[in-house]
Each structure stands twice: as C-alpha cells, then as structure tokens.
Amino acid sequence: MLTGDNERTAAAIAAEVGVDEYHAEILPADKASFVEAERAKGHTVIMIGDGINDSPALSKANVGIAISDGAAIAREIADITIAADDLHELVSLRRIAGKLTVRIRSNYRFVMGFNGALIALGAFGVLPPATSAMLHNLSTLGVSLRSMTNLLEPS
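Counting in this note's numbering, the sequence shown runs from 7 upward without gaps.
This is the structure:
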C-alpha cells in the first residue's frame, strides 16, 4: 500500500485491511515511480486511488481503479471507477472479466470454425452462395444474442 498519509494512519489502515507491506508519506511522483518499477520487473500492477495525487500512478498502472467519491481527474484517468468504500466490487469485477474472457474466446472459436466450414463447403460446391450467406447471418445473430446474456447470473 502506498499512501501520502502519515506513518500512524498508514499502519492503522494497513492493519485494518490486512495489508502486509505499506509505505507512508509517499509523494505522487514516487507512487508513479513505484508503479513503473514494478511493471519493469514484469509485475501486473493494479492501482486504486481517489485523489489528484493518485492520478500519475493510476495512469502508469496496468489497471487504474478510481473510487467514485474521489477527484474527477482520478476518475477520468482510471480504467475503472467503483463505488466508494466498497472494494468488494473488485471481486465481482474480476468474476465478470473472467466470464467475459471465456465468452469472447468461445464466440471467436465458434465463428471461425463455422465460417471456415461455410467457406470450405461453398468452395467445394456443397452449399450455394445464398445458403452460405443465410447461415453466416444466422450464426452472427446467434453469437450476438448469446453475447447479450447476463454475465452475473449463475450458470
């Protein structure tokens, strides 16, 4: 945890949220430098911030997350904005991202396989062009409808 707060406040917050390592009285440029150094080591960095002083680090992180009650510049720079004081949203966000990745890959494999088969069948004269076009459009409609299903509903 990197914070501009004093040592005492930082220690209390770290203990409350279960953070093992923290750095207090960190300047905005130092936060950004820390994020850059971690990325240079090959780490994926998620930065959560709410103030103007967090903006440089938010912009350097792989994923910048702003707190909705924070400064407008932090919300603008961040990739994601979550409700204030509810870090549990990150768990839902991670679950949605995983499900979305699975869905995208599944849709891609289906579309490539199905359209590849249509091209092959058309090239060998098994399917006339009109039938291939109709099947292609129906598959596109099916994938689009599947993509609109709610990712939060239990499977």
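Glycine included, each C-beta is placed from N, C-alpha and C at the ideal position.
Exercise. Less than 7 Å separating the beta-carbons of G70 and D85?
Worked result: Indexing the sequence shown from 1 puts residue 70 at position 64. Indexing the sequence shown from 1 puts residue 85 at position 79. Taking 7 Å as the Cβ cut-off, G70 and D85 qualify as a contacting pair.
Exercise. Under the three-state reduction of DSSP, which class applies to H29: helix, strand or coil?
Worked result: As a first step, residue 29 must be located in the sequence shown, where it is residue number 23. Residue state, collapsed to three classes: strand.
For this session: Give the C-beta separation of A16 and T9 to the nearest angstrom, bearing in mind that I take them to be a contact with Cβ-Cβ under 8 Å.
Result: Position 10 of the sequence shown holds residue 16. Position 3 of the sequence shown holds residue 9. The Cβ separation is near 5 Å, so the contact holds.
Problem set entry | Under 7 Å between C-beta atoms of L124 and S138 | The residue labelled residue 124 in the question sits at position 118 within the sequence shown. The residue labelled residue 138 in the question sits at position 132 within the sequence shown. Yes, these two residues count as a Cβ contact at 7 Å.
Exercise. At a cut of 8 Å, does the region 23 to 39 reach the region 52 to 63 through at least three beta carbon pairs?
Worked result: yes
Exercise. Can the beta-carbon of I58 be found less than 7 Å from the beta-carbon of I79?
Worked result: Within the sequence shown, the letter at position 52 stands for residue 58. Within the sequence shown, the letter at position 73 stands for residue 79. Contact flag set, yes.
Problem set entry | Which residues DSSP lists as bridging V69, in chain order | Taking the sequence shown and counting its residues from 1, the one referred to as residue 69 is at position 63. Paired residue(s): I52.
Exercise. Can you tell me where the alpha helix (DSSP H) with T15 in it begins and where it stops?
Worked result: Taking the sequence shown and counting its residues from 1, the one referred to as residue 15 is at position 9. Here the alpha helix (DSSP H) through T15 covers E13 to V23.
For this session: Please report how far the alpha carbon of H94 lies from the alpha carbon of F130, in whole angstroms.
Result: In the sequence shown, the residue the question calls residue 94 occupies position 88. In the sequence shown, the residue the question calls residue 130 occupies position 124. So the alpha carbons of these two residues sit roughly 55 Å apart.
Exercise. According to the Cβ coordinates, are V41 and K66 closer than 7 Å?
Worked result: Within the sequence shown, residue 41 is the residue found at index 35, counting from 1. Within the sequence shown, residue 66 is the residue found at index 60, counting from 1. A Cβ-Cβ contact shorter than 7 Å links V41 with K66.
Exercise. CB-CB under 6 Å to A72, same chain, minus the five flanking residues each way: which ones, in chain order?
Worked result: The count along the sequence shown starts at 1 and reaches residue 72 at position 66. Answer for A72: A80, R81, A84 and T87, listed in chain order.
Problem set entry | I79: first and last residue of the uninterrupted alpha helix (DSSP H) it sits in | Numbered from its first residue, the sequence shown carries residue 79 at position 73. Per DSSP, I79 belongs to the alpha helix (DSSP H) from A78 to I83.
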